[in-house]
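Undergrad: Take this structure, written in structure tokens, and hold onto it; I'll ask about it next.
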């Protein structure tokens, strides 16, 4: 029998403090687009969406836009050690991923146009498994670049084809 | 000429491959040709098109033969083809995971084999050579696998091959119980009845008094008889399909080359080789139907097969008695694949989740039908019958929980799960390349987590469903020491 050793702690590092603003902007855009789509449909096809439904949607969207980024900011965390990468993501459903440094295959640096405006970038670490990419969203650009360099160097130091 | 010189020469496909496609076309037009001779009239629709139907494949074949070359240089296999657009594909020999030889009946008459080389690097990482002579194909396979093994002495020969399992035609009794058997049967039925649907014949039948007579016979009798007939046809087709695919099934282990060879097929023969170094474990498939009859199937978890596609995973034993399956599994992985006693159950919270998730949605059926009956326009008997749905769901939940278990051996991780598609996954601990721990809101409240071991082989991810959080962490730490411990609170 395997002895229970305790549960995992959260990864040590938070993402950039500016990340919630980016997420909030995204949430706001999504909410507005959906609302505008419904409004347009109301005009075009003469559907009568009752006022209470609009009010309900507005309340839900407002809640999503205000609460979600804060919530996510506390959940989205990451950590690297000499031997492993550890990430945590999600907000209602939480997912933690751990990959040993010796199995890291690629380290990707990504930056969308909007993220660039915020000075943010994402890092994705892949292994040989299709099920295991570790994604760290919206770090400070400097932190992300440093992380990519560091991970690439460490992964190179390991041998074998990582399968 | 030395071996090396021979290797570096460009080689071509076998000239006999030119015959394969025309013969295929002739077979396709066989009904037409027979009609031509028997009826003496070819019909009015233009003959030239049919000659074209033979000429085009011949032309394509000639071009393909002339333009395809391959060679093995020091460390890689190189394949070039194309006349105008040139395509050159190379694969490193130490990345060659699998070599499959396939021969359709036409290939077999011509003594040819199609060679498929799996490199497992990308989704389309397969090099295909259609076709080589049987001797040449076998030689190429030996070369590739020797190089892939690298450290092993070459030319071990097949003398010290050890047969792990040999086909027993009696196993065909399991065929109707497998989903693949069912799929084959349904597909065959569809193909057979498709042309008749909507044709004059069907319309005439619909008009006939037969329908009237049928109506007079008690409806249940018709349904039962129809069901039995369908079942019989489906079973027969399933068995035929099983025999065609698995006739002569043999699994051998080539000790010197450290390779498993699977050979099977009645008409189209197929032989697959899996390098032992690429093997990461086995999956014992125990779907409900097979399990009830005491059967199972075995497939390999190996790198180099196309990702997440079932037809490309290597079968090690087709539907067969569970004892055979387990014995072969044990021989392949080198240890006992877990007796029922070795599995740890997941506890009351996991049991509760199985029942809730199965029964709650199933309750919808009787409730909805009950409401409809109360409203007055649906019969109460229907709502009464629908009560069986949640009862069946509860039985399913019970089975799902009873099977849910995990275990750890000296070199493998064992995961047993599922009911209708039940499986026992046996994964090498050294093949695990990461852990995912996933918790939904409800799982968090119940203190459970789904622990997924990721790997480069097979399904890429093997999940241990709804296990207590501390147990999951302890399991991950014990299976792959030195990884998760550093993150424990």
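Chains as they are written, first to last, in the working numbering: chain A, 8 to 170; chain B, 1023 to 1511.
The beta carbon of each residue, even a glycine, is placed where N, CA and C say it ideally should be.
#1: Go through its chain and collect everything with a Cβ distance to residue 1315 of chain B's Cβ below 8 Å, but skip five positions before and after it.
#2: Look up residue 1342 of chain B in the DSSP assignment and give the residues it is bridged to.
#3: If you count every other CB in all the chains shown that lies within 10 Å of the CB of residue 1176 of chain B, and 16 or more means buried, which is it?
#4: Would you please verify whether the beta carbon of residue 1296 of chain B is less than 8 Å from any beta carbon of chain A?
#5: Tell me the rounded alpha-carbon separation between residue 24 of chain A and residue 69 of chain A.
#6: Looking at chain A, which residues of the segment 1259-1285 of chain B have a Cβ within less than 7 Å of any of its Cβ atoms?
#7: Could you check whether residue 1451 of chain B and residue 1434 of chain B sit closer than 8 Å to each other, using their CB atoms as the reference points?
#8: Would you mind reading off the limits of the alpha helix (DSSP H) that contains residue 1497 of chain B?
#9: Any C-beta of chain A sitting closer than 8 Å to the C-beta of residue 1046 of chain B?
#10: Is DSSP giving residue 83 of chain A helix, strand or coil here?
#11: If contact means a Cβ-Cβ distance below 8 Å, which residues of the segment 101-131 of chain A contact chain B?
#12: Can you tell me which of the three DSSP states residue 1107 of chain B falls into?
#13: Answer with buried or exposed for residue 18 of chain A, where buried requires no fewer than 16 other C-beta atoms within 10 angstroms of its C-beta.
#14: Decide if residue 1464 of chain B is buried, meaning its Cβ has at least 16 other Cβ atoms within 10 Å, or exposed.
#15: In chain B, which residues lie with their C-beta within 8 Å of the C-beta of residue 14 of chain A?
#16: Using a Cβ-Cβ cut-off of less than 8 Å, give me the residues of the segment 1364-1387 of chain B that come near chain A, in sequence order.
#17: Under the assumption that residue 968 of chain B contacts residue 1099 of chain B (Cβ atoms under 8 Å), give the Cβ distance between them as a whole number of angstroms.
#18: Compare the C-beta of residue 1439 of chain B with all C-beta atoms of chain A and state if any pair is closer than 8 Å.
#19: So, residue 1443 of chain B versus residue 1337 of chain B, is the Cβ gap smaller than 8 Å?
#20: Could you tell me the distance, in whole angstroms, from the CA atom of residue 79 of chain A to the CA atom of residue 1461 of chain B?
#21: Measure the C-alpha to C-alpha separation of residue 1244 of chain B and residue 1253 of chain B and round it to an integer number of angstroms.
#22: What alpha helix (DSSP H) runs, 4 residues minimum, are completely inside the segment 109-157 of chain A?
#23: Quick one: Cα of residue 1406 of chain B to Cα of residue 1423 of chain B, how far?
#24: Only counting runs of 4 or more residues, tell me where the alpha helix (DSSP H) segments fall wholly within the segment 1377-1414 of chain B, in order along the chain.
#25: Tell me residue 1285 of chain B's beta-bridge partners as DSSP assigns them.
#26: Could you pull the DSSP bridge partners for residue 59 of chain A from this structure?
#27: Based on the DSSP secondary-structure assignment, which residues constitute the bridge partners of residue 1510 of chain B?
#28: Would you decide whether residue 1250 of chain B is buried or exposed? Buried here means 16 or more other CB atoms lie within 10 Å of its CB.
#29: For residue 96 of chain A versus residue 1482 of chain B, is the C-beta distance shorter than 8 Å?
#30: Pick helix, strand or coil for residue 77 of chain A, following the three-state DSSP scheme.
#31: For the segment 135-149 of chain A, list every residue whose C-beta sits within 7 Å of some C-beta in chain B, in sequence order.
#32: Closer than 9 Å by beta-carbon distance: list the chain B residues that pair up with residue 162 of chain A, in chain order.
#33: The beta strand (DSSP E) spanning residue 1091 of chain B covers which residue range?
#34: Check whether the segment 1485-1492 of chain B touches the segment 1362-1371 of chain B, counting contact only when three or more Cβ pairs, one atom from each stretch, lie closer than 8 Å.
#35: Just how far apart, CA to CA, sit residue 101 of chain A and residue 82 of chain A?
#36: Taking the alpha carbon of residue 1278 of chain B as the point to measure from, which residue in B:1168, B:1241, B:1476 has its own alpha carbon closest?
TA: Here's the rundown:
#1: Taking the second chain and counting its residues from 1, the one referred to as residue 1315 of chain B is at position 293. Result list for residue 1315 of chain B: 1195, 1196, 1199, in chain order.
#2: Your numbering for residue 1342 of chain B matches position 320 in the second chain. DSSP, once it has assigned bridges, lists B:1318 as partnering residue 1342 of chain B.
#3: Residue numbering aside, residue 1176 of chain B sits at position 154 when the second chain is read from its first letter. With a pLDDT of only 40 at residue 1176 of chain B, under 50, the local geometry of the prediction cannot be trusted, and the value read off the model is given with reservation. Classification for residue 1176 of chain B: exposed.
#4: Here residue 1296 of chain B is taken as the residue at index 274 of the second chain, counted from 1. No, residue 1296 of chain B lies away from the interface with chain A (no Cβ there is under 8 Å from its Cβ).
#5: By one-based count along the first chain, residue 24 of chain A stands at place 17. By one-based count along the first chain, residue 69 of chain A stands at place 62. Distance between the alpha carbons of residue 24 of chain A and residue 69 of chain A: 21 Å.
#6: none
#7: Within the second chain, the letter at position 412 stands for residue 1434 of chain B. Within the second chain, the letter at position 429 stands for residue 1451 of chain B. For residue 1434 of chain B and residue 1451 of chain B, yes; Cβs fall inside 8 Å.
#8: As a first step, residue 1497 of chain B must be located in the second chain, where it is residue number 475. Counting along the chain, the alpha helix (DSSP H) containing residue 1497 of chain B begins and ends at 1491-1501.
#9: Counting from one through the second chain, the residue named residue 1046 of chain B turns up at place 24. By this cut-off, residue 1046 of chain B is not an interface position.
#10: Against the first chain, residue 83 of chain A aligns to sequence position 76. Note: residue 83 of chain A maps to coil in three-state DSSP.
#11: 101, 102, 103, 104, 105, 106, 107, 110
#12: Position 85 of the second chain holds residue 1107 of chain B. DSSP places residue 1107 of chain B in coil when its eight states are reduced to three.
#13: As a working mapping, residue 18 of chain A is identified with position 11 in the first chain. By the 10 Å Cβ count, residue 18 of chain A comes out buried.
#14: For the purposes of this step, residue 1464 of chain B is taken as residue 442 along the second chain, with counting starting at 1. Looking at its Cβ environment, which holds fewer than 16 other Cβ atoms inside 10 Å, residue 1464 of chain B is exposed.
#15: Against the first chain, residue 14 of chain A aligns to sequence position 7. Neighbours of residue 14 of chain A on chain B, chain order: 1491, 1492, 1495, 1510, 1511.
#16: 1366
#17: Residue 968 of chain B cannot be examined here, being either before or after the span of chain B that is shown, 1023 to 1511.
#18: To locate residue 1439 of chain B, count along the second chain from 1; it is residue 417. Output row for residue 1439 of chain B: interface = no.
#19: Numbered from 1 along the second chain, position 421 holds the residue referred to as residue 1443 of chain B. Numbered from 1 along the second chain, position 315 holds the residue referred to as residue 1337 of chain B. No; because the gap between Cβ atoms is not below 8 Å, this pair is not in contact.
#20: The count along the first chain starts at 1 and reaches residue 79 of chain A at position 72. The count along the second chain starts at 1 and reaches residue 1461 of chain B at position 439. Whole-angstrom Cα-Cα distance: 15 Å.
#21: Position 222 of the second chain, counting from 1, holds the residue named residue 1244 of chain B. Position 231 of the second chain, counting from 1, holds the residue named residue 1253 of chain B. Using only the alpha carbons, I get a separation of about 14 Å.
#22: 120-125
#23: Taking the second chain and counting its residues from 1, the one referred to as residue 1406 of chain B is at position 384. Taking the second chain and counting its residues from 1, the one referred to as residue 1423 of chain B is at position 401. Approximately 27 Å, taken between the alpha carbons.
#24: 1402-1408
#25: Locating residue 1285 of chain B in the second chain gives position 263, counting from the first residue. Answer is B:1272, B:1293, bridged to residue 1285 of chain B.
#26: The sequence position of residue 59 of chain A within the first chain is 52, counting from 1. Answer by DSSP bridge pairing: none, since residue 59 of chain A is not bridged.
#27: Taking the first residue of the second chain as position 1, residue 1510 of chain B is located at position 488. Residue 1510 of chain B pairs with A:15.
#28: As a working mapping, residue 1250 of chain B is identified with position 228 in the second chain. Exposed, because fewer than 16 other Cβ atoms sit within 10 Å of the Cβ of residue 1250 of chain B.
#29: Numbered from 1 along the first chain, position 89 holds the residue referred to as residue 96 of chain A. Numbered from 1 along the second chain, position 460 holds the residue referred to as residue 1482 of chain B. Not a contact, by the Cβ cut-off of 8 Å.
#30: Translated into the one-based positions of the first chain, residue 77 of chain A becomes position 70. In this structure, residue 77 of chain A counts as helix in the three-state DSSP scheme.
#31: 135, 136, 137, 138, 139
#32: Within the first chain, numbered from 1, the residue matching residue 162 of chain A stands at position 155. Correct list: empty, because the minimum Cβ distance to chain B is about 13 Å.
#33: Position 69 of the second chain, counted from the first residue, corresponds to residue 1091 of chain B. Per DSSP, residue 1091 of chain B belongs to the beta strand (DSSP E) from 1091-1094.
#34: yes
#35: For the purposes of this step, residue 101 of chain A is taken as residue 94 along the first chain, with counting starting at 1. For the purposes of this step, residue 82 of chain A is taken as residue 75 along the first chain, with counting starting at 1. Cα to Cα, the separation comes out at about 8 Å.
#36: Here residue 1278 of chain B is taken as the residue at index 256 of the second chain, counted from 1. If we check each option's Cα against that of residue 1278 of chain B, B:1168 comes out closest.
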